[in-house]
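Step one of this worksheet: look at the structure below.
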Ligand SMILES: [Zn+2]
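In the numbering used here, the protein residues as written are 7 to 344.
Structural data, given as structure tokens:
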């Protein structure tokens, strides 16, 4: 291995046990620092050594593992000896040799990321989402709509009379909220998304033909819309968007450049989050339905229909996330109806 820097330097060796020092000579050979002048010559892997950046005219301190130190007169900068052993590289070596520490630090990282994600991030996302101007959120949802259009997002084929009837039934729930004008409802035909409805940042709600065609009962559609209104009211779409983009950053910072790992914890945590948001939206829907004089059974019925018709896989459904969760949700809505 080619090494630049001085061939050898002299310094004072401090064992760390007494204040006495021993004059030594140092040189780099291969991956080791060779220390001569002690009772026996010593070879220490360069990767295990911590060396201070040189300051002009000041002695440079070389810290050996175990607490010994060598003070080198500052006239020869020995940093180049260590150049191939950057801090990160040394960290990796250090971790490799001490895998229990590595496992522990990974666990600490995981817990930290989890805590940030579970507590700090949602709180931050909520604050950011509530303070973000409506025009920004609208801009974001506009971009998403453009994208959806390219994916196959067409004019609704549901007849206008039925659309009108659904709107009329849904309108009082919106009118009940502060700043009702921010909430808008669109009917779209988008077969690739299956029987779906969703809320987008900025209060925009979209319901797809496939969902409406699943039932003749308008109240069931209104129940789904009430659920989406809950998402919109609690700003779930924007909070999710902020959280998922921020999580990548936190993970990257927390675990250095292990970018491949970053997406793994995301999946599990994200699903957890969805369930919490879904429960919030369901509660909102149940209350809104009751206020509007519609039985929450309508929500249970449409969930049941989706489950019977489509099973749980492959619906591309944003609000059906797992089987037991859905059964629980049906039960809750049913119970609220009685
Ligand atoms: Zn939902």
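Where is the CB? At the ideal position from N, CA and C, for every residue including glycine.
Coarse secondary structure for residue i, derived from DSSP in three states
i: residue 242; result: helix
i: residue 189; result: coil
i: residue 205; result: strand
i: residue 236; result: helix
i: residue 162; result: coil
i: residue 196; result: coil
i: residue 347; result: Outside the shown range of the chain (7 to 344) lies residue 347, about which nothing can therefore be said.
i: residue 51; result: strand
i: residue 40; result: strand
i: residue 64; result: coil
i: residue 177; result: helix
i: residue 29; result: strand
i: residue 46; result: coil
i: residue 340; result: helix
i: residue 56; result: strand
i: residue 14; result: coil
i: residue 219; result: coil
i: residue 291; result: helix
i: residue 172; result: helix
i: residue 23; result: coil
i: residue 34; result: strand
Cβ shell of residue i (< 8 angstroms), same chain only, five flanking positions each side left out
i: residue 49; result: 35, 38, 39, 40, 41
i: residue 25; result: none
i: residue 132; result: 241, 245
i: residue 309; result: 326, 332, 335, 336, 339
Close-in-space but distant-in-sequence residues of the same chain around residue i (CB under 6 angstroms, 5 per side omitted)
i: residue 307; result: 226
i: residue 159; result: 194, 196
i: residue 31; result: 14, 16, 42, 43
i: residue 319; result: Confidence in residue 319 is poor, its pLDDT being 46 and thus under 50, which makes the residue's placement unreliable; the coordinate value appears in the next sentence. Correct list: empty, nothing qualifies.
i: residue 3; result: With the chain running from 7 to 344 in the structure shown, residue 3 is simply not present.
i: residue 249; result: 127, 131
i: residue 287; result: 233, 236, 237
i: residue 12; result: 82
Same chain, Cβ closer than 7 angstroms to residue i, neighbours up to 5 away in sequence not counted
i: residue 348; result: Nothing can be reported for residue 348, as the shown portion of the chain is limited to 7 through 344.
i: residue 142; result: none
i: residue 186; result: 180
i: residue 178; result: 298
is_contact[residue i, chain E] using C-beta, thresh 8 angstroms
i: residue 72; result: In the structure shown, chain E does not exist; there is a single protein chain.
Quiz prompt | At least 3 beta-carbon pairs within less than 8 angstroms: the stretch 219-237 vs the stretch 130-150 | solution = Counting C-beta pairs with one atom in each stretch, the stretch 219-237 and the stretch 130-150 have fewer than three that are closer than 8 angstroms, which means they do not touch.
Quiz prompt | Cβ pair count under 8 angstroms reaching 3, the stretch 109-124 against the stretch 159-176 | solution = No: the two stretches stay apart, fewer than three of their Cβ pairs being nearer than 8 angstroms.
Quiz item: Are the stretch 292-300 and the stretch 205-215 in contact at 8 angstroms, needing three or more beta carbon pairs?
Solution: The stretch 292-300 makes no contact with the stretch 205-215; the number of CB pairs closer than 8 angstroms stays below 3.
Quiz item: Can you give, in chain order, each stretch of the alpha helix (DSSP H) that sits fully within the stretch 110-157 and has at least 4 residues?
Solution: Taken in chain order, the complete alpha helix (DSSP H) segments of 4 or more residues contained in the stretch 110-157 are 127-137.
Quiz prompt | Cβ contact check for the stretch 231-243 and the stretch 200-208: 3 or more pairs under 8 angstroms | solution = Result yes; three or more Cβ-Cβ pairs closer than 8 angstroms.
Quiz item: Three or more C-beta pairs closer than 8 angstroms, one from the stretch 120-127 and one from the stretch 174-185: is that the case here?
Solution: These segments do not touch.
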